[in-house]
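J.: So the sequence shown is numbered by the numbering used here: it starts at 153 and just counts up by one. No residue lacks a Cβ here, since even glycine has one placed at the ideal position from N, Cα and C. Since we're looking at a predicted model, the values are computed, not measured. Quick one: structure below, then a few questions.
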Amino acid sequence: MKPRYFYSLRSTIADRPQLTACGRLTEWPWYRCPGCSAFIDEELASYDAVIDHLGRRGLADILPVSSLHFVFRRDLIDLWQAHGLTGFSATPVHVIGWSKRTKKPFPTEVPEYALVRPSAFVRLEEPPPLGPPCPVCGRVACAFPKLTEPLPHGVQIDESSWDGSSIFGVLRLGFLFCTREVAELTLRAGYSKHFGFTRVEELYTAEPYDRERWADRDYGAYYMGFIKQRVEDL
Ligand SMILES: [Zn+2]
153 MKPRYFYSLR STIADRPQLT ACGRLTEWPW YRCPGCSAFI DEELASYDAV IDHLGRRGLA
213 DILPVSSLHF VFRRDLIDLW QAHGLTGFSA TPVHVIGWSK RTKKPFPTEV PEYALVRPSA
273 FVRLEEPPPL GPPCPVCGRV ACAFPKLTEP LPHGVQIDES SWDGSSIFGV LRLGFLFCTR
333 EVAELTLRAG YSKHFGFTRV EELYTAEPYD RERWADRDYG AYYMGFIKQR VEDL
């Protein structure tokens with residue numbers, strides 16, 4: 153039997169915000185869990201977004217608004233829904249104008265966007281859980297190392313906790329995981345410019361940048377090698 157791979161959906165433009173339109177949500181209320189102080193993003197019925205700049209590619213299929221939110225153009229979500237993919241919610245995001253006062257004209261054609269959140273959740277085996285779930289919000293703290301340290305074994309999903317959903321996450325952690333079906337469908341449909349997929353067991357396994365050992369350019373290629381943008385590389 154073929155091993156089953158799970159993927160983490162990644163933006164490939166996170167560190168290149170000049171490439172596409174980029175901005176922020178005008179309002180996204182959050183609070184801290186009284187039990188474990190986890191960050192909890194309150195869900196609204198819809199969001200408004202304002203744009204800092206359009207970049208060379210303009211309003212693209214991904215709209216970077218923060219490192220915590222996945223905002224995609226509606227046609228990608230329509231594609232997923234048309235193929236019966238499960239395990240996510242899509243909340244409308246309306247782009248309403250510039251974030252700052254400017255004389256620059258705003259585009260007249262503004263695509264529809266949606267904020268995608270997983271609605272199905274799995275538990276992790278790796279990094280290992282640190283204790284039982286929080287009795288208030290259900291979060292399980294896991295032994296993630298400090299930000300600069302790689303995870304020796306990447307991320308391992310406890311498959312017995314997976315309900316078969318196409319898209320899923322980990323409660324209170326900002327992952328968007330998916331099956332190979334989602335990765336293939338998305339890349340084959342041409343959403344490969346600003347999206348990529350990393351096998352979960354390779355997540356955060358990249359060694360940190362060390363200027364003694366890496367030329368800038370080589371490290372960039374090494375790092376991006378973990379984010380697959382072609383079906384044959386999945
Ligand atoms: Zn909690």
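(1) Looking at GLY187: is its Cβ nearer than 9 Å to the Cβ of VAL288?
(2) Could you pull out every residue in the same chain whose Cβ sits closer than 7 Å to the Cβ of PHE327, ignoring the five residues on either side in sequence?
(3) Assuming PRO279 contacts ALA295 under a Cβ cut-off of 8 Å, what Cβ separation, rounded to an integer in Å, is found between them?
(4) Within its chain, find whatever has a CB closer than 7 Å to the CB of GLU333; leave out the 5 residues flanking it on each side and keep chain order.
(5) Taking 9 Å as the cut-off, decide whether the C-beta atoms of ASP230 and PRO263 are in contact.
(6) Compute the minimum distance between the beta carbon of ARG369 and the heavy atoms of ligand 1, and state whether it is under 8 Å.
(7) Taking PHE378 and GLU354 to be in contact with their CB atoms under 8 Å, please state how far apart those CB atoms are, rounded to whole angstroms.
(8) Relative to ligand 1, is the shortest distance from any of its heavy atoms to the C-beta of VAL322 smaller than 8 Å?
(9) Please indicate yes or no: does the CB of ALA341 lie closer than 8 Å to some heavy atom of ligand 1?
(10) Does the distance from the CB of PRO244 to the CB of SER163 come in under 9 Å?
(11) May I ask you to list the residues that DSSP assigns as paired with VAL223?
(12) Taking all protein chains shown into account, do 16 or more other C-beta atoms lie within 10 angstroms of the C-beta of GLY283, making it buried, or fewer, making it exposed?
(13) Answer with buried or exposed for PHE224, where buried requires no fewer than 16 other C-beta atoms within 10 angstroms of its C-beta.
(14) Could you check where the beta strand (DSSP E) with ASP200 kicks off and where it finishes?
(15) Cβ-heavy atom distance between GLY283 and ligand 1 below 8 Å?
T.: In terms of the structure at hand:
(1) yes
(2) Cβ neighbours of PHE327 beyond the five flanking positions: SER160 and GLY321.
(3) 4 Å between Cβ atoms; contact.
(4) Correct list, in chain order: SER318.
(5) no
(6) no
(7) 5 Å
(8) no
(9) no
(10) Judged by beta-carbon spacing, SER163 lies beyond the 9 Å limit of PRO244, meaning their Cβ atoms are not closer than that value.
(11) LEU267
(12) exposed
(13) Under this definition PHE224 is a buried residue.
(14) Counting along the chain, the beta strand (DSSP E) containing ASP200 begins and ends at 199–205.
(15) No, the Cβ of GLY283 stays beyond 8 Å of every heavy atom of ligand 1.
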